[in-house]
Amino acid sequence: MDNLSGNSISVGLIGCGIVGTGVAKLLAQSRELVASRVGITINLAKVADINPDTVAALDLAPGVYTNDAMEIINDPSIPIVVELIGGQGIAKDFVLAALNQGKTVVTANKALVAAYRDEISAACEASGGDFLFEASVGGCMPVIKSLRESLVSNRVDSIFGILNGTCNYILTQITQEGIPFKEALAQAQELGFAEADPTLDIEGMDTVHKLALCVALAFGTRVNYKEIYVDGITRITPLDITIAAEFGYRVKLLAITKNHGDCVEARVHPTMIPFDNLLSSVGRNMNAVKIVGDAVGEMVLYGAGAGMMPTASAVVGDIVDAARNIKLGCHPRIPAFSYQPQAIRDLPLMPMDEVSTRYYVRFSALDRPGVLSKIAGVLARYSISIASVHQKGRHTEGPVPIVMLTHEAREADIQKALEEISGLDVIAEKPMLIRIEDQNQE
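Numbering-wise, our numbering comes out as the position in the sequence shown, counting from 1, plus 647.
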């Protein structure tokens, strides 16, 4: 096949964990297919990992394995470096070292890109290095490519995404099986959908990293991911999901961003969406993203957001793009973060207090006369209008749930109202709040 393709290009892989192993396997099994499409044979020249046992099953040729990543970075015959270590430590040093030598770097490391976007961009601009990170958002879905290339003529108005398979699996199990959060999490861990320490997933930070990248690419702005509002799924109960369904909604952990022109709205939290919203039907560990542009209207991407081979597919796609660019002498062909550096703006993030949406609020209240009027009175003082009320009858002694759906209200107002309501003598515990995104209702 080398003779048919006429030339080859060498790739160095740093980090051979689950995704790295998948990349090495996919490069080997798709070698002829890729060459027939690209006219280039992709040659996995070096694989670096501190643990030789991780590469034992790959049956690498002699001399391919090394425990020194700098051997790859300093090798002038390897123009493409794939970083799959993860995290924000040594991975950053390797990425910047490779970019500073003018090499192309491919990564799936969303935390690194979200945290060090400016340093990466500066290194690319200074050296002419290229930076590709499709697998960092949405696994096998072409979210990055869509924002950087396919939608280049669109003004992106909003993005709504289910971007964490762990959380989506947990919420699916709570919805379908009626089991509590901890049991659903244990199932996700047993099936390999959740890490032993799932904190980054269930508290929403993994989704925040991905949303920060989408905001930068869609709107051409710098964004500090630490300023994005985040609320995880740990407080969601089967009761909330059941009542949401009675109102015609499902609960999903959504990444939401909206373009307001002079500022950007960006938030991650459990969200109620109506049954007729395509995202509501995305189950188990799958991901989906809805992008709304002024020319295309609504566009939905759906696929596996994680896993060895789906993620490896996105990484190899970037490797092939890099190989094409190098072959044609046009790398970097596209700015790493979509916009020309001089065109990137400093748009502020809208403070969460200023966000306006609808709300589901569940109160745990004593079953006494006048409770509803007390709660409604407080909400009215903060200009919060009630759209629906649902009260469960008492089956046991103790507090009963009262659920209210509001019309659109300001976040600052609902938070002040809930703080005051929490202090009422008829309220037994902190109210449960879930935000609603429903374009069909006001």
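Even for Gly, the Cβ is constructed at its ideal location relative to N, Cα and C.
The beta carbon of S800 sits closer than 7 Å to those of A942, all from its chain and outside the five residues before and after it, given in chain order. Counting along the chain, the unbroken alpha helix (DSSP H) around S1069 starts and ends at 1058-1069.
At least 8 Å separates the beta-carbon of V947 from that of L975. The beta carbon of K1063 sits closer than 7 Å to the beta carbons of Y1029 from its chain, once the five residues preceding and following it are set aside; these are given in chain order. A692 sits away from Q735, with the two beta carbons spaced by 8 Å or more. If you keep only unbroken beta strand (DSSP E) runs of at least 3 residues inside the segment 883-919, you get 896-906. Between L794 and V753, the C-beta spacing is not below 8 Å. Proximity to N932 across S774, S1035, A951 peaks at A951, based on C-alpha coordinates. Setting aside the 5 residues that flank it on each side, A745 is surrounded in the same chain by I720, V728, V752, each with a C-beta closer than 6 Å to its C-beta; the list follows chain order. No Cβ-Cβ contact shorter than 8 Å links G808 with F840. Here I821 is not near P726, since their CB atoms are 8 Å or more apart. Burial state of S960 is buried, judged by a 10 Å Cβ sphere holding 16 or more other Cβ atoms. Closest in alpha carbon position to I880, among I903, A1075, V915, is V915. For S1020, the uninterrupted alpha helix (DSSP H) segment begins and ends at 1018-1028. Q1086 sits in coil when the DSSP states are folded into three classes, being neither helix nor strand. In this chain, K857 is not harboured by any beta strand (DSSP E); it is covered by the alpha helix (DSSP H) spanning 852-866. Taking the CA atoms as reference points, A773 sits about 12 Å from D765. Taking S805 as the centre and dropping the five residues before and after it, the same chain places the C-beta of K905, V939 closer than 6 Å to its C-beta, in chain order. Per DSSP, D965 is one residue of the alpha helix (DSSP H) stretching across 955-975. Put simply, of V963, G749, I875 the residue whose alpha carbon is nearest the alpha carbon of P979 is G749. Residue environment for R882: exposed (fewer than 16 other C-beta atoms within 10 angstroms of its C-beta).
Looking at I966, L1052, P1046, the one whose alpha-carbon comes closest to that of T1004 is L1052. Bounds of any alpha helix (DSSP H) do not take in G944; it lies within the beta strand (DSSP E) bounded by 944-951.
Within 10 angstroms of the beta-carbon of F984 lie 16 or more other beta-carbons, which makes it buried. For D804, the enclosing beta strand (DSSP E) starts and ends at 803-809. C787 is classed as buried because its beta carbon has at least 16 other beta carbons within 10 Å across all chains shown.
With respect to D1060, I920 sits apart: the two C-beta atoms are not nearer than 8 Å.
A straight line joining the alpha-carbon of C861 with that of V694 spans about 30 Å. For Q1038, the secondary structure class from DSSP, reduced to helix, strand or coil, is strand.
Scanning the segment 659-734 from its first residue to its last, the whole alpha helix (DSSP H) runs of 4-plus residues come out as 665-676, 678-685, 716-720.
In terms of Cα proximity to K739, the closest of V870, C814, D923, G662 is G662. For L673, the CB contacts under 6 Å within the same chain, skipping 5 residues up- and downstream, are A959, V963 in chain order.
Closest in alpha carbon position to D700, among Y712, A782, M997, is Y712.
With contacts defined by Cβ atoms closer than 8 Å, P1048 and L1065 do not form a contacting pair. For S1011, the enclosing beta strand (DSSP E) begins and ends at 1003-1012. Taking C-beta separations shorter than 7 Å and ignoring five residues to either side along the sequence, the partners of G667 in its chain run L660, L731, following chain order.
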